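Visitor: Numbering (our numbering), first residue to last: 255 to 408.
Note that beta-carbon positions come from the ideal geometry of N, C-alpha and C, so glycine has one too.
Quick caveat: nothing in here was measured; it's all calculated off a predicted structure.
#1: Using a 10 Å radius around the Cβ and a threshold of 16 neighbouring Cβ atoms, would you call residue 260 buried or exposed?
#2: Nearest to residue 399 by alpha carbon, out of 268, 357, 391 and 376?
#3: Could you check what DSSP says for residue 350 in three-state terms: helix, strand or coil?
#4: Report the three-state DSSP secondary structure of residue 302 (helix, strand or coil).
#5: Quick check on residue 387: buried or exposed, where buried means 16 or more other Cβ atoms within 10 Å of its Cβ?
#6: Applying the criterion that 16 or more other CB atoms from any shown protein chain within 10 Å of the CB defines a buried residue, is residue 354 buried or exposed?
#7: Do residue 391 and residue 349 have their C-beta atoms closer together than 7 Å?
#8: Can you have a look at residue 385 and say buried or exposed, based on whether 16 or more other CB atoms are within 10 angstroms of its CB?
#9: Going by DSSP in three states, residue 260 sits in which element: helix, strand or coil?
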C-alpha cells in the first residue's frame with residue numbers, strides 16, 4: 255500500500271488571509287491600488303464646480319431680470335405716450351385695431367387724426383407728424399415713431 259501523500263502548501267500560512275474579500279487593501283500583486291484620497295483636493299474641485307454652476311445660474315437670472323426691466327420700461331413708455339395721445343385733440347372716437355396719425359401743430363399742441371401725412375396734399379398744416387399709432391385692445395397705443403427723437407415733455 256502506498257502511503258497517502260500529504261499536500262504541503264508552498265505559501266506560508268502567515269502570508270495568506272482567511273477572508274481576502276474583507277481586506278481594506280489589495281492583497282494580491284494584480285489587485286487594485288487603494289490610496290487614501292486627498293480631502294483638500296476633493297473639496298477644492300467640489301467648490302470650484304459649485305461656484306461655476308451657481309455663477310451660471312446667477313448669470314441666467316440677471317439676463318431674465320434685464321429682460322423684465324426692459325419690458326417694464328416699454329410698458330411705462332406706452333402708458334406715457336397713451337396719456338399724451340388721450341390729452342391731444344381728437345374729433346372722433348378711436349376704434350381698437352385702427353391706425354391713426356399723431357401730429358404736433360405749429361403752436362405746440364397735439365392732434366390725433368385719421369389722415370396720413372401723405373394725404374394732406376401740397377400744404378401740410380402741422381409742424382410735424384410725430385408718430386403713426388394703432389389702438390390696441392387694452393386702449394393703449396402701439397407707436398411707430400416718425401422721428402428718432404420723440405419728446406415726452408410738455
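Guide: For this structure:
#1: exposed
#2: 357
#3: coil
#4: helix
#5: buried
#6: buried
#7: no
#8: buried
#9: coil
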